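>
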Amino acid sequence: MDDSSQARSGMYAEVMIPDPSKKGASSPVVPETAILWRGSLPAVYKIDDTGAIKLRLIRIGERTADGKVVVISGIRAGDKILAEPGAGTRSGS
């Protein structure tokens, strides 16, 4: 940091620390177009086993060069999501 950007009380940063205990576990990767923002919270529409659509809040990680985003929590690898939800998409539809 230079002198003009000193850390002050109340400032914070988001830090990502890899979890070595999760080696081999595959994190889901979703297209950026699937992510909706509810204020500052990222979410996706997950399709459950009955075909119903449910909004799920997620935590996101790295963005890839091909327009995808790693999901840290909120959905699992293998879950079905809407890749490009329309403006009128709602939970339960």
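Counting along the sequence shown from 1, when you hit position 67 you're at 67 in this note's numbering, and nothing is skipped either side.
Quick reminder that beta carbons are idealized off the backbone N, C-alpha and C, glycines included.
A quick note: this is a predicted structure, and the numbers were derived from the prediction, not measured.
#1: Closest to K68 by CA distance: which of L57, T89, K54 and E84 is it?
#2: Who are the near neighbours of A57 in its chain, counting only those whose CB is closer than 6 Å to its CB and skipping five residues on each side?
#3: Cβ of E84 versus every heavy atom of the ligand GTP: is any distance shorter than 7 Å?
#4: Measuring alpha carbon to alpha carbon, tell me which residue in Q6, T33 and M11 is nearest R63.
#5: Taking K54 and S91 to be in contact with their CB atoms under 8 Å, please state how far apart those CB atoms are, rounded to whole angstroms.
Reading from the atomic positions:
#1: E84
#2: First, the residue type needs correcting, since residue 57 is Leu and not Ala in the sequence shown. Excluding positions up to five away in sequence, the list reads L41, A43 and G74.
#3: This structure lacks the ligand GTP; in fact it carries no ligand of any kind.
#4: T33
#5: 5 Å
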